[in-house]
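> Heads up: the sequence shown at position 64 corresponds to 629 in the working numbering, and the numbers run straight through without jumps. Glycine included, every Cβ here is placed at the ideal spot set by N, Cα and C. Please read these numbers as outputs of a predicted model, since none were measured by experiment.
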Amino acid sequence: MDVRAYREQNGLLTKSERRIAAIKAIRDIEIEQSLTAQRLLCSYFTEEQLETPVLDFFKENLPDVSIEVEDNGEI
């Protein structure tokens with residue numbers, strides 16, 4: 566058994582270690598919630614809609630939106 570596992574098992578974690586563990590747990594939950602929301606959102610679209618390139622969709626459905634490319638190539 567490693568030192569951290571021993572300390573954890575015997576309640577010897579420091580306050581900062583408990584905070585780090587709590588932050589990591591919250592991060593993991595938020596990631597899972599985001600993935601679940603993404604899956605739910607994708608379930609509302611047809612396969613054809615999911616395969617449509619985003620820029621084409623914007624041009625067709627949002628003609629007044631302007632898209633600018635930055636110097637580094639990002640949109």
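(1) Rounded to a whole number of angstroms, what is the C-alpha to C-alpha distance between ASP593 and ARG583?
(2) Which same chain residues end up closer than 8 Å to CYS607 when comparing Cβ atoms and leaving out the 5 residues on each side of it in sequence?
(3) Measuring straight from C-alpha to C-alpha, what distance separates LYS589 and GLU595?
(4) Could you give the residue range of the alpha helix (DSSP H) that holds SER608?
In terms of the structure at hand:
(1) 15 Å
(2) LEU615
(3) 10 Å
(4) 580-608
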